[in-house]
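4 protein chains.
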Amino acid sequence: MVTLADLQVRQLGECRHESPLAKYIAARRTNDHYVDESDRVLFDDTVHLVQDHGVPLTELPTLEPGGPRRQVFFPPGRTKVGIVTCGGLCPGLNDVIRGLVMELNTHYGVTDVVGFRNGYAGLVPAHGYEPIALTTERVASINMQGGTILGTSRGAQDSEVMVDRLVELGIDILFVIGGDGSIRGASKIAAVARGRGLDLSVIGIPKTIDNDIPFIGQSFGFQTAFTVAAQSIAAAQVEAQSAVNGVGLVQLMGRHAGFIACYAALANHHADFVLIPEVPFALDGESGFLAALQRRVAERGSAVVVVAEGAGQDLMADRAGTDASGNRKLGDIGRYLEAAIVGHYRALGRELTLKYLKPSYSIRSVPAKAFDSVYCVRLAQAAAHAGMAGRTDMVVGRRHNRFVHVPIDIVVSHRNEVAPDGDLWLSVLESTAQPPEMR
Amino acid sequence: MVTLADLQVRQLGECRHESPLAKYIAARRTNDHYVDESDRVLFDDTVHLVQDHGVPLTELPTLEPGGPRRQVFFPPGRTKVGIVTCGGLCPGLNDVIRGLVMELNTHYGVTDVVGFRNGYAGLVPAHGYEPIALTTERVASINMQGGTILGTSRGAQDSEVMVDRLVELGIDILFVIGGDGSIRGASKIAAVARGRGLDLSVIGIPKTIDNDIPFIGQSFGFQTAFTVAAQSIAAAQVEAQSAVNGVGLVQLMGRHAGFIACYAALANHHADFVLIPEVPFALDGESGFLAALQRRVAERGSAVVVVAEGAGQDLMADRAGTDASGNRKLGDIGRYLEAAIVGHYRALGRELTLKYLKPSYSIRSVPAKAFDSVYCVRLAQAAAHAGMAGRTDMVVGRRHNRFVHVPIDIVVSHRNEVAPDGDLWLSVLESTAQPPEMR
Amino acid sequence: MVTLADLQVRQLGECRHESPLAKYIAARRTNDHYVDESDRVLFDDTVHLVQDHGVPLTELPTLEPGGPRRQVFFPPGRTKVGIVTCGGLCPGLNDVIRGLVMELNTHYGVTDVVGFRNGYAGLVPAHGYEPIALTTERVASINMQGGTILGTSRGAQDSEVMVDRLVELGIDILFVIGGDGSIRGASKIAAVARGRGLDLSVIGIPKTIDNDIPFIGQSFGFQTAFTVAAQSIAAAQVEAQSAVNGVGLVQLMGRHAGFIACYAALANHHADFVLIPEVPFALDGESGFLAALQRRVAERGSAVVVVAEGAGQDLMADRAGTDASGNRKLGDIGRYLEAAIVGHYRALGRELTLKYLKPSYSIRSVPAKAFDSVYCVRLAQAAAHAGMAGRTDMVVGRRHNRFVHVPIDIVVSHRNEVAPDGDLWLSVLESTAQPPEMR
Amino acid sequence: MVTLADLQVRQLGECRHESPLAKYIAARRTNDHYVDESDRVLFDDTVHLVQDHGVPLTELPTLEPGGPRRQVFFPPGRTKVGIVTCGGLCPGLNDVIRGLVMELNTHYGVTDVVGFRNGYAGLVPAHGYEPIALTTERVASINMQGGTILGTSRGAQDSEVMVDRLVELGIDILFVIGGDGSIRGASKIAAVARGRGLDLSVIGIPKTIDNDIPFIGQSFGFQTAFTVAAQSIAAAQVEAQSAVNGVGLVQLMGRHAGFIACYAALANHHADFVLIPEVPFALDGESGFLAALQRRVAERGSAVVVVAEGAGQDLMADRAGTDASGNRKLGDIGRYLEAAIVGHYRALGRELTLKYLKPSYSIRSVPAKAFDSVYCVRLAQAAAHAGMAGRTDMVVGRRHNRFVHVPIDIVVSHRNEVAPDGDLWLSVLESTAQPPEMR
């Protein structure tokens with residue numbers, strides 16, 4: 001079980017500078033805008049958890065709330081900041097960049113913000129990518145564009161080299177917008193800096209289009225992603241319904257977690273089957289997927305199948321042999337299912353019109369829709385506050401409708417998944433009326 | 001302080017029928033899909049609240065979770081259901097209707113569902129509106145349309161007459177989709193039925209485009225509403241920036257709560273001022289709104305002002321005299337501000353191009369966007385479970401990422417508002433950089 | 001050269017019934033709503049064509065204008081109509097169906113309209129698809145859905161059997177909404193009916209998402225198609241610009257004609273290369289496509305390539321051997337180019353990030369956007385007038401801003417293509433600044 | 001009747017410089033990309049016009065085609081260009097600016113392009129607006145924004161002062177993007193320059209969201225405008241259908257021409273009445289609008305009325321007295337109809353729910369949709385060619401699917417209107433089934 005100590009966010013030292021945000025708070029009757037240092041957010045909220053474990057109330061795991069502090073660590077107006085975006089595209093990256101620059105500039109007087117280009121590679125001089133200045137003019141309208149104006153790349157770089165570069169440039173706070181691996185990388189940078197005794201704050205803003213990072217409520221870009229994904233399900237449905245024995249098969253993102261598949265299917269209202277990594281299924285047999293699909297097509301004239309890219313990986317291992325290397329590479333479940341369905345109908349001698357859609361890039365590259373846009377700017381504000389307050393080796397998250405600080409160790413300790421016995425999956429089962437077990 | 005007793009949902013009697021949802025749950029390893037009757041959701045979650053009040057853990061206020069029960073009250077397949085939509089339009093009404101019909105039909109075998117037309121008036125025979133049959137075919141695609149296929153109307157009707165009508169039609173469960181007033185009306189219907197000893201379940205699904213009903217997390221349609229509202233702010237911004245000393249003034253919904261104004265402004269990124277009912281402001285004087293607006297226009301060449309319809313009501317009372325009748329009618333703050341700004345610039349002898357937008361109906365009438373679509377179907381599922389389980393005089397809500405049952409008395413006890421010292425308003429202040437106090 | 005005789009539309013016989021549209025026209029000052037039988041639309045309009053060929057003005061090829069006739073052939077109110085949709089999906093099918101039903105019903109009192117299901121197969125009893133009644137209630141909102149409510153299928157059916165079926169059902173007018181092949185099929189049906197001396201009107205409404213049918217101005221659904229296609233180019237661009245040496249490769253529809261590729265690229269503004277069937281190109285060599293692409297990537301850091309599915313077919317024949325059978329099947333130019341580009345960069349030892357998008361179904365299945373919606377309803381109105389007036393073996397088209405009647409023989413005589421020396425292709429060259437010749 | 005001489009575009013002098021576009025054309029087999037100086041586009045195309053007037057074929061009115069010339073007037077690479085946007089916003093302004101800058105830069109080597117700010121006021125030094133440099137970087141993504149990055153203003157300025165300023169800045173070509181009045185202003189500038197013997201080319205790109213400028217086919221932004229307008233009609237319809245005796249009343253743009261109202265109504269499919277300036281109507285009496293509306297509401301339960309802002313002006317003159325000044329100001333027909341309808345139902349003692357929408361700014365300010373985006377870039381290309389070729393005192397237009405040059409005198413000689421006896425209005429009457437005469 002997670003303990004209070006695990007959740008303690010590292011702090012570089014004493015906060016000695018008056019926060020410029022005083023102007024928003026002094027005039028108000030209460031001081032509640034400021035976060036009281038003794039305030040904590042409960043880590044979990046169901047009574048029975050508390051009761052079952054007999055933990056005293058005062059020792060319950062709690063998280064530090066995000067938000068502006070009265071005293072900040074870095075001197076406003078004299079702090080230098082770097083921003084880097086890593087990994088695959090996700091709607092909202094430019095909103096976060098814009099939000100950081102605006103918040104630092106407007107409220108902390110921090111005008112010296114640079115963007116490192118093309119992911120962590122931009123922190124390694126050998127690649128030759130010069131950082132670019134991020135002014136408020138430069139970022140004013142970037143939220144209308146998808147992608148990231150900084151460019152991105154995958155893969156790790158040498159932490160010592162990156163810290164050398166940060167020192168060379170005089171960076172005080174580094175904001176890392178990236179996924180699982182990049183957040184681990186941020187933790188290594190923080191560790192190297194700590195080892196050298198440097199006052200370098202490293203703040204992560206978790207990015208995962210699959211929504212599989214824990215402790216952050218919903219990840220930014222996720223709502224935009226399933227909104228666009230639902231359009232592909234609609235397209236598949238139109239194609240299926242316009243054909244004789246039409247089957248629309250849509251492969252969506254979701255390597256380890258089926259959130260996009262579940263939400264997009266619920267939003268669309270018309271999916272007949274949702275297949276996700278968390279819920280295994282068999283193809284053959286009376287209670288298998290193919291027989292269930294055949295029954296649905298016979299009943300309704302057509303069917304729509306939504307499959308997350310990480311679903312049914314065991315099926316391909318069984319038939320095609322397991323992967324040789326240690327690093328497991330995902331089999332192409334979409335094409336595998338397409339072949340299986342076509343083969344099934346051919347064996348039956350029945351007509352079939354299957355249309356296969358895989359809308360990956362057209363989802364990742366769109367600008368953030370309104371909700372995500374709001375969420376990104378607020379995440380960026382919370383991140384700016386955390387960095388200015390001298391926090392490090394943490395990410396900003398959201399829990400119980402509050403922004404929180406989460407140590408990176410905790411964030412990368414496990415993945416967020418669709419609980420097969422939780423209410424989201426139940427909603428999907430209720431909506432699709434697919435067999436709960438296809439084994 | 002709210003006590004445990006206040007939160008207790010009324011229950012018609014013992015649940016004796018096996019739930020047809022057993023098929024989704026029996027095959028799984030755990031039984032967690034079913035809600036344990038002893039399970040509770042904490043009413044509030046910050047440790048200091050608990051600590052300050054010294055309430056024993058076991059007596060903390062908790063809510064009953066939503067979801068399917070193993071035993072249900074009404075006999076599946078032999079239950080008759082009515083649905084009514086009341087009050088102003090809100091994105092998602094048809095999604096909720098569709099979700100109820102689908103869930104009841106597919107999972108409880110309830111095929112006898114009728115829709116009452118034109119709000120509560122449809123429950124009063126004198127109006128002559130016959131209820132319409134809601135089959136799965138009829139509702140299959142209604143989510144693509146805005147509005148409500150049942151029609152709606154405002155205003156209360158005689159509860160005794162409505163209960164007579166429900167009895168006449170043999171209705172077991174009445175789902176009321178409506179706002180504050182309509183939910184109170186639902187409670188009266190439940191009370192009359194209770195007084196007569198009838199086994200009538202009345203379940204509310206709170207509808208408020210302003211997001212001002214408490215205990216339901218976000219109200220359905222709210223995200224769609226602020227997404228569309230943000231487009232009007234964008235239009236105002238384009239007009240303002242294309243003109244000499246351009247001011248874009250956008251009046252949005254929000255009689256008592258400024259949520260739409262706050263979220264739409266954050267989503268748009270470019271608002272310069274947000275004015276909401278919860279935060280009073282003065283027009284004149286050095287620190288008043290007009291001077292602040294003038295400074296911003298001078299600085300940036302243009303400005304965008306977002307005002308909720310309930311904002312600044314005190315200003316109009318001061319100048320135009322208070323309202324005579326008891327029922328306070330809102331003054332038109334948009335037109336009032338327009339005149340004030342135009343007058344201010346005329347007095348200064350400066351050029352001004354003011355464009356005023358008030359996009360009310362074009363927001364209320366759109367189909368729900370993806371997130372709200374998901375939320376509506378899940379709310380409908382939870383409502384169907386509650387009704388079938390024999391709950392009554394309650395609404396379905398969402399709290400701490402769980403669907404919950406909330407007694408109507410509690411729901412109508414106060415309004416949800418933007419806390420002037422909360423983090424949402426702080427985000428708005430950070431984003432607009434408007435003066436925190438304009439007095 | 002096309003002669004006047006070629007353009008003469010067949011007419012079943014004398015028009016003896018007063019048109020019910022008289023009410024729209026009688027009250028007006030002029031009679032111009034009615035089409036004068038002597039009126040003709042010039043087949044071509046540039047003076048030099050006339051001058052070069054010395055054709056007398058009175059013998060210039062002209063088309064019969066569409067629109068309501070004062071006298072119609074079929075008796076209003078006692079006519080029976082059938083509608084069939086054939087071939088691949090295209091935005092606007094349901095708009096045309098709706099338009100036909102509404103026009104026939106409202107203005108000609110024709111309430112007996114049936115829809116044949118699943119293309120021409122629905123006209124062949126052996127397939128067992130019963131026609132469905134198309135009432136105004138049934139079609140009222142179908143324009144909000146993509147696809148066709150009638151279903152569709154590809155392939156021809158026996159004309160004699162189909163005419164038997166039409167006679168059996170008492171159909172007077174058959175509207176065929178379909179492509180090249182289906183329109184030929186419509187002509188065969190008309191010929192069989194003519195051979196039997198039947199008063200059967202067969203009116204085609206040309207459907208081609210590729211816009212490659214001549215004499216119809218722009219085909220319905222085309223604007224919607226390139227609007228949606230432009231979004232994929234935008235996605236490819238975002239992905240390309242966010243990566244190191246990023247190349248976005250988008251394969252669009254266009255078997256014989258590159259219109260969608262050209263318009264989508266112009267709409268998007270950011271394509272670097274457009275490859276279409278009408279303009280051959282070489283891959284290798286200093287002036288070939290790969291070298292040009294490499295130069296553009298070096299210059300701008302990334303590039304977007306738009307390729308129509310019918311482009312570069314000669315390249316694949318050269319390398320992979322020609323197709324054995326008579327019926328040429330298209331090679332997969334998208335995947336072919338992907339491999340070629342990846343191979344080219346690998347050979348150079350340079351980094352490359354290529355993202356390949358092929359958005360076919362998500363384009364075909366969307367509801368028609370506003371312009372196409374208008375165009376569909378007007379095409380349907382013109383088709384209804386033509387059918388009621390007893391025209392047959394023709395399609396409705398649009399030329400010089402007028403609706404016209406075009407004999408099917410003429411329509412299928414050749415394809416509409418992007419002229420390599422025309423102003424559309426020049427606009428594309430100007431917009432992309434790609435080398436005009438890559439040989 | 002328009003004569004050939006009227007259509008002659010002014011030419012500053014002999015074209016002596018080789019066009020840089022040679023690279024696109026030399027390599028091709030034919031020379032057809034170049035416009036032959038003897039080529040002409042027929043001014044009108046119906047045979048009967050020619051026959052009725054007995055005009056010899058060689059003397060038919062024709063227009064000069066747009067497009068690149070082999071020889072251009074201004075020296076590529078050494079030409080200085082100015083751009084100004086005037087009047088109300090219209091979707092596509094930024095697309096045209098971008099298109100001009102890109103074409104001039106990429107194909108004519110013209111890098112010295114300035115944008116005058118805030119309309120013609122930007123050409124008058126006294127206003128103090130400095131022109132801004134328009135580089136390809138600056139304009140690369142401006143098409144994603146609505147409005148005009150140059151700002152705009154209404155009203156004329158002194159032509160002599162403006163020519164002084166153009167001379168001072170060394171401008172060779174001035175592109176004016178504006179409406180009726182601004183195009184007249186451009187002609188005055190050209191006349192002043194001509195009077196001084198200056199080689200100043202003034203090229204207009206007609207802008208009119210109402211589509212009321214003749215000789216340009218469809219005006220840019222028009223399709224975007226009616227697409228967005230159709231959404232307001234949809235909103236009005238949803239509101240009307242959800243209410244008891246619901247009437248949705250939508251006022252759209254269209255001072256003199258009802259094109260937006262007609263197209264938006266056709267696109268939406270569900271309007272019951274369309275009222276435009278070109279077709280007068282009476283309110284009262286058995287055959288008047290109010291009685292017709294009442295019948296429709298009784299029949300269908302609700303109705304949607306679309307009214308162009310210039311419609312029914314005679315009604316208000318009758319009741320409220322004619323306008324005193326010479327410059328006629330439009331009465332507010334929307335509010336007038338609202339009052340009339342409410343009064344009519346009140347007099348009848350019948351329930352009515354009227355919702356009034358007037359979406360002006362939200363239409364004008366959106367970015368251009370795909371079709372308009374294509375059209376704008378092509379118009380800009382044609383304008384750039386015309387300017388470089390030394391044409392002046394003309395606008396670029398489109399006729400018979402070709403870009404053409406039209407002298408300004410001709411363009412401002414009359415307005416484009418919806419012909420009451422033309423096929424567009426007939427389509428509207430067919431679609432709405434409203435009474436053709438409401439007098």
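Those sequence lines, one after another, are chains A, B, C and D.
Number 163 in the UniProt record's numbering belongs to position 163 of the first sequence; there are no gaps in the numbering.
Number 178 in the UniProt record's numbering belongs to position 178 of the second sequence; there are no gaps in the numbering.
Number 193 in the UniProt record's numbering belongs to position 193 of the third sequence; there are no gaps in the numbering.
Number 7 in the UniProt record's numbering belongs to position 7 of the fourth sequence; there are no gaps in the numbering.
All C-beta atoms, glycine included, are put in the ideal place defined by N, C-alpha and C.
Buried or exposed by the 16-neighbour rule on C-beta atoms within 10 Å, applied to residue i
i               : result
D284 of chain A : exposed
R300 of chain B : exposed
E137 of chain D : exposed
P125 of chain A : exposed
L429 of chain A : buried
Within 8 Å, strictly: CB atoms of residue i and residue j
i               : j               : result
A186 of chain C : A229 of chain C : no
D393 of chain B : R10 of chain B  : yes
P75 of chain C  : F403 of chain C : no
D272 of chain D : A298 of chain D : no
M388 of chain B : F73 of chain B  : yes
L104 of chain A : A384 of chain A : yes
Close-in-space but distant-in-sequence residues of the same chain around residue i (CB under 6 Å, 5 per side omitted)
i               : result
L134 of chain D : V101, V113, G115
G119 of chain A : C86, T152, S153
L200 of chain B : A193
R98 of chain B  : V139, I142, N143
Beta-carbon proximity list for residue i, same chain, < 7 Å, skipping 5 on both sides
i               : result
V244 of chain D : E351, T353
I213 of chain B : D180, P206, S219, V411, N416
Short CB-CB distance (under 8 Å) between residue i and chain A
i               : result
G146 of chain C : yes
T79 of chain B  : no
D423 of chain B : yes
CB contact check: residue i to chain D, cutoff 8 Å
i               : result
P359 of chain B : yes
S141 of chain A : yes
A433 of chain C : yes
D32 of chain C  : With a pLDDT of 41 at D32 of chain C, under the threshold of 50, the predicted position of this residue should be treated as unreliable, and no value is reported.
CB contact check: residue i to chain C, cutoff 8 Å
i               : result
K355 of chain A : yes
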